[in-house]
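Residue numbers (my numbering): 323 to 578.
Structure representation (structure tokens):
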């Protein structure tokens with residue numbers, strides 16, 4: 323029975339699948355050839371709100387000392403909406419007038435691979451430092467048809483932007499065995515970067531409480547806040563991306 327008991331501080335593998343209820347605020351600025359575009363909040367100005375999304379976390383602990391880990395995170399979301407706007411704005415070199423019916427789409431994908439080292443490890447807790455690569459992919463588009471905009475447009479408007487931002491991250495992570503198979507896991511990651519066409523920063527904070535009565539079954543609650551603010555001057559995207567999501571999560575986990 324002792325061999326079947328979960329040990330999140332010693333087991334080689336852990337996988338967690340979480341369901342999020344998030345509040346999201348994606349703001350995208352797309353410049354045109356002749357001028358600077360407006361910063362558009364895809365939730366407040368074009369419709370949005372809370373959304374259910376899925377996040378997958380996993381790590382592999384290796385080495386005789388149990389201090390080394392490789393972790394992987396995957397998260398994605400997408401949202402589309404149609405709204406008649408009540409305020410004029412410029413995006414991608416075109417002006418979207420009042421009473422135009424705008425179709426918006428926003429897609430976001432985050433993948434992170436990182437190495438962790440437990441520089442402080444005891445029987446019931448460990449403190450880790452980490453370094454890794456946080457890959458962010460964003461696609462956004464705004465469309466307005468003249469036929470459905472009440473005469474405010476003489477021609478259809480269609481603008482889209484995509485950006486892939488590979489940002490390195492450093493972080494701290496602590497895990498504690500509380501009691502009765504309850505575990506506390508807290509993570510903080512941050513990085514600021516100015517190189518080539520990218521200039522921005524990333525922040526990711528997460529706190530989880532897990533009840534792991536069996537190796538193959540655990541359940542937990544947590545809170546996650548993620549934000550990225552980056553300016554890009556590239557051929558496929560000239561503008562800025564400012565996106566924050568935050569909210570509670572419910573997840574299931576396995577350890578072996």
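Beta carbons are placed, not taken as given, at the ideal position from N, Cα and C, and that holds for glycine.
Residues of its chain near residue 379, where Cβ-Cβ distance is below 6 Å and the 5 sequence neighbours each way are ignored:
Against the chain shown, residue 379 aligns to sequence position 57. Excluding residues within five positions, the ones whose Cβ falls inside 6 Å are 338, 395.
Just checking my contact of residue 501 with residue 464 at CB under 8 Å: how many whole Å lie between their CB atoms?
The sequence position of residue 501 within the chain shown is 179, counting from 1. The sequence position of residue 464 within the chain shown is 142, counting from 1. Wrong, their Cβ atoms sit about 52 Å apart, outside the cutoff.
Identify the continuous beta strand (DSSP E) that holds residue 390 and give its terminal residues.
Working through the chain shown from its first residue, we reach residue 390 at position 68. Membership of residue 390 in the beta strand (DSSP E) is indicated by the continuous run 390–406.
Using the Cβ count rule (16 or more neighbours within 10 Å means buried), how would you classify residue 473?
Position 151 of the chain shown, counting from 1, holds the residue named residue 473. In summary, residue 473 is exposed, with fewer than 16 beta-carbon neighbours lying within 10 Å of its beta-carbon over all protein chains present.
Are the beta-carbon atoms of residue 580 and residue 499 separated by less than 8 Å?
As displayed, the chain neither begins before 323 nor continues past 578, which places residue 580 out of reach and without an answer.
Three CB pairs or more closer than 8 Å across the region 545–557 and the region 512–530
Short answer: they touch.
Tell whether a beta-carbon distance below 8 Å holds between residue 429 and residue 478.
Counting from one through the chain shown, the residue named residue 429 turns up at place 107. Counting from one through the chain shown, the residue named residue 478 turns up at place 156. No, Cβ-Cβ distance for residue 429 and residue 478 is not below 8 Å.
Closest to residue 342 by C-alpha separation, out of 376, 335, 447, 336, would be which residue?
Looking up residue 342 in the chain shown gives position 20. Among 376, 335, 447, 336, the Cα nearest to that of residue 342 belongs to 376.
Within 8 Å, strictly: CB atoms of residue 363 and residue 413
In the chain shown, counting from the first residue as 1, residue 363 sits at position 41. In the chain shown, counting from the first residue as 1, residue 413 sits at position 91. For residue 363 and residue 413, no; Cβs fall outside 8 Å.
Quick check: the Cα distance between residue 354 and residue 340, rounded to an integer number of angstroms?
The residue given as residue 354 occupies position 32 in the chain shown. The residue given as residue 340 occupies position 18 in the chain shown. Each residue's alpha carbon lies about 39 Å from the other.
Would residue 504 pass as a contact of residue 537 if the rule is Cβ separation under 8 Å?
Here residue 504 is taken as the residue at index 182 of the chain shown, counted from 1. Here residue 537 is taken as the residue at index 215 of the chain shown, counted from 1. Against a cut-off of 8 Å, the Cβ pair of residue 537 and residue 504 comes out as no contact.
Is it true that the CB of residue 411 sits closer than 8 Å to the CB of residue 360?
Here residue 360 refers to the residue found at position 38 of the chain shown. Here residue 411 refers to the residue found at position 89 of the chain shown. Result yes, Cβ atoms of residue 360 and residue 411 sit closer than 8 Å.
Look at the alpha carbon of residue 519 and the alpha carbon of residue 513, and state the distance between them as a whole number of angstroms.
Taking the first residue of the chain shown as 1, we reach residue 519 at position 197. Taking the first residue of the chain shown as 1, we reach residue 513 at position 191. Each residue's Cα considered, the two are about 16 Å apart.
Could you give the C-beta distance for residue 448 and residue 497, rounded to a whole number, given that I count them as a contact under 8 Å?
For the purposes of this step, residue 448 is taken as residue 126 along the chain shown, with counting starting at 1. For the purposes of this step, residue 497 is taken as residue 175 along the chain shown, with counting starting at 1. About 6 Å separates the beta carbons of residue 448 and residue 497, which is inside the 8 Å limit, making them a contact pair.
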